[in-house]
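Undergrad: I have a structure I would like to understand better, so I am pasting it below and will then ask my questions one at a time.
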Amino acid sequence: MTAQILDGKALAQKIQQELKARIQTLEPKKGRPPGLAVLMVGDNPASAAYVRNKERACERVGIASFGKHFPTETTQEELEQAIHACNQDERIDGILVQLPLPQHLDAVTLLQKTDPDKDADGLHPTNLGRLVRGEPGLRSCTPAGVMRLLEEYEIDVVGKQAVVIGRSILVGKPLALMLLAANATVTIAHSKTQNLTEVVRNADIVVAATGKPRFISAEAIKPGAVVVDVGINRVEDETGKARLVGDVDFDSVANVAGFLTPVPGGVGPMTVAMLLHNTVLSYSQTLC
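Quick note: the sequence shown uses numbering that gives the first Met the number 0, first residue 0, plus one each step.
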């Protein structure tokens, strides 16, 4: 293997220690710890695991958890009322609605009901607008985590050709804007892109966010390129045992790329770290 591993797990731990120290400095002035409310509906096992992970991370850094678990049959109006209550609660600095939601609920409307300054996921239209305009604001967690990872490893993106594979509002679009703001030359590729392999092979920086296991292979990677794998896919091996893999064929790409994120242990931990970062940022800006 030639690629240097971009260790998101280690960096996330470093960020959490920094946040813990910042909270310890701010809390005596504020008179309370920062607070994060994670709202979960239903009994999706993966969602429950994600919520537990976030709550443990909050505990490690000193963020108070105000999570609420609602039954599957909870109505849109009930959830909107819960969000309104969180908006008004001065103990809460960050609000997150855990996805996916049951089909009868409208996630977009719920997000729009959230106070933009408490939008811990950084996905409110106001915060996305601030990103487009280059104004300060809460940033989408996964893209912000990718940028922080590149910064930590001193990977200069200025003038580089960057290809983001995937155009979701969660990752692809905001990450393309962040790379553009950092003076990279950005291409967004997607399922309708012609000659995708050729497009990707010209990139100095490749970000894969397709949701397709091992979709990007070594033949699509320029030697020495930086490859960031945002994908998290559960697959079964020949014995029937399930494991997590990314959107990049790690074993082959590791022999070509200059830098590469693993799955798990790459972008995933960074997403949670940036969620905590957003909560503490909101907390720090509301000091009296």
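Positions of the beta carbon are idealized from the N, C-alpha and C atoms, including for glycine.
Every value quoted in this text rests on a predicted model; they were computed, and no experiment measured them.
1) Please classify I215 as buried or exposed, where buried requires at least 16 other C-beta atoms within 10 Å of its C-beta.
2) Can you tell me whether N201 is buried or exposed? The criterion is at least 16 other CB atoms within 10 Å of its CB, across all chains shown.
3) Look at the Cβ atom of G34, then the Cβ atom of I62, and state whether they are nearer than 8 Å.
4) Going by the CB atoms, is the gap between V156 and L149 shorter than 8 Å?
5) Under DSSP, the beta strand (DSSP E) around F69 begins and ends at which residues?
6) Can you say whether D105 is buried or exposed, counting buried as having 16 or more other CB atoms within 10 angstroms of its CB?
7) Is the distance from the Cβ of V266 to the Cβ of V225 below 8 Å?
8) Rounded to whole angstroms, what is the Cα-Cα separation between A253 and Q75?
9) I need the straight-line Cα distance from N298 to K221, nearest angstrom please.
10) Which residues share a DSSP beta bridge with A93?
11) Would you mind stating whether Q16 and V50 have Cβ atoms separated by less than 8 Å?
12) Give the DSSP-derived three-state secondary structure of V266 in the structure shown.
13) For A45, report the span of its beta strand (DSSP E) as first-last.
14) Assuming N86 and T125 form a contact by the criterion Cβ under 8 Å, report the distance between their Cβ atoms to the nearest whole angstrom.
15) Can you tell me whether N277 is buried or exposed, with buried defined as 16 or more other CB within 10 angstroms of its CB?
16) From G136 to G165, what distance separates their C-alpha atoms?
17) In this structure, does DSSP put A256 in helix, strand or coil?
18) Quick one, are the C-beta atoms of V37 and G66 less than 8 Å apart?
19) Taking L100 as the reference, which of K117, G128, A47, V170 has the closest Cα?
20) By Cβ distance below 6 Å, which residues in the same chain neighbour V234 in space, the five residues on each side in sequence not counted?
21) Taking the runs of the alpha helix (DSSP H) that are 4 residues or longer, which of them lie wholly in the region 162-243?
22) Compute the Euclidean distance between the alpha carbons of T270 and T238, then round it to the nearest angstrom.
23) Does I4 come out as helix, strand or coil in the three-state DSSP assignment?
24) Using the rule of at least 16 other Cβ atoms within 10 Å of the residue's Cβ for burial, across every protein chain shown, is D250 buried or exposed?
25) With H, G and I counted as helix, E and B as strand and the rest as coil, what does DSSP make of A63?
26) Going by DSSP in three states, V107 sits in which element: helix, strand or coil?
27) Do you know how far the Cα of A272 is from the Cα of I14?
28) What separation, rounded to the nearest whole angstrom, lies between the Cα atoms of D118 and Q102?
TA: Reading off the structure:
1) By the neighbour-count rule (16 or more Cβ atoms within 10 Å), I215 is buried.
2) Classification for N201: exposed.
3) Cβ distance < 8 Å, so G34 and I62 count as in contact.
4) For the pair L149 and V156, the CB atoms are nearer than the 8 Å cut-off.
5) Counting along the chain, F69 sits inside the beta strand (DSSP E) bounded by residues 67-69.
6) Sixteen is the threshold: since fewer than 16 other Cβ atoms of the shown chains lie within 10 Å of the Cβ of D105, the residue is exposed.
7) Cβ atoms of V266 and V225: not closer than 8 Å.
8) When the Cα atoms are used, A253 and Q75 turn out to be separated by approximately 46 Å.
9) Past the boundaries of the shown model lies residue 298; the chain is included only from 0 to 287, so the question cannot be answered.
10) According to the sequence displayed, residue 93 carries Gly and not Ala. The secondary-structure analysis by DSSP pairs G93 across a beta bridge with L35.
11) The answer is no: Cβ separation not under 8 Å.
12) Helix, per DSSP.
13) No beta strand (DSSP E) contains A45, which is instead part of the alpha helix (DSSP H) from 44-60.
14) About 13 Å separates the two Cβ atoms, so there is no contact after all.
15) Residue environment for N277: buried (at least 16 other C-beta atoms within 10 angstroms of its C-beta).
16) One C-alpha to the other measures close to 23 Å.
17) Residue state, collapsed to three classes: coil.
18) Yes, the Cβ-Cβ distance between V37 and G66 is below 8 Å.
19) Selected option, being the one with the closest Cα: A47.
20) Within the same chain, V234 has close Cβ partners P212, V244.
21) List check, alpha helix (DSSP H) in window: 171-180, 195-200.
22) Straight across, the Cα-Cα distance linking T270 with T238 is about 31 Å.
23) Reduced to three states, the DSSP call for I4 is strand.
24) A residue is called buried when at least 16 other Cβ atoms come within 10 angstroms of its Cβ; D250 does not meet this threshold and is exposed.
25) A63: strand per DSSP, three-state reduction.
26) Helix at V107.
27) Straight through space, the alpha carbons of A272 and I14 are spaced by roughly 7 Å.
28) Taking the straight line from one Cα to the other gives about 22 Å.
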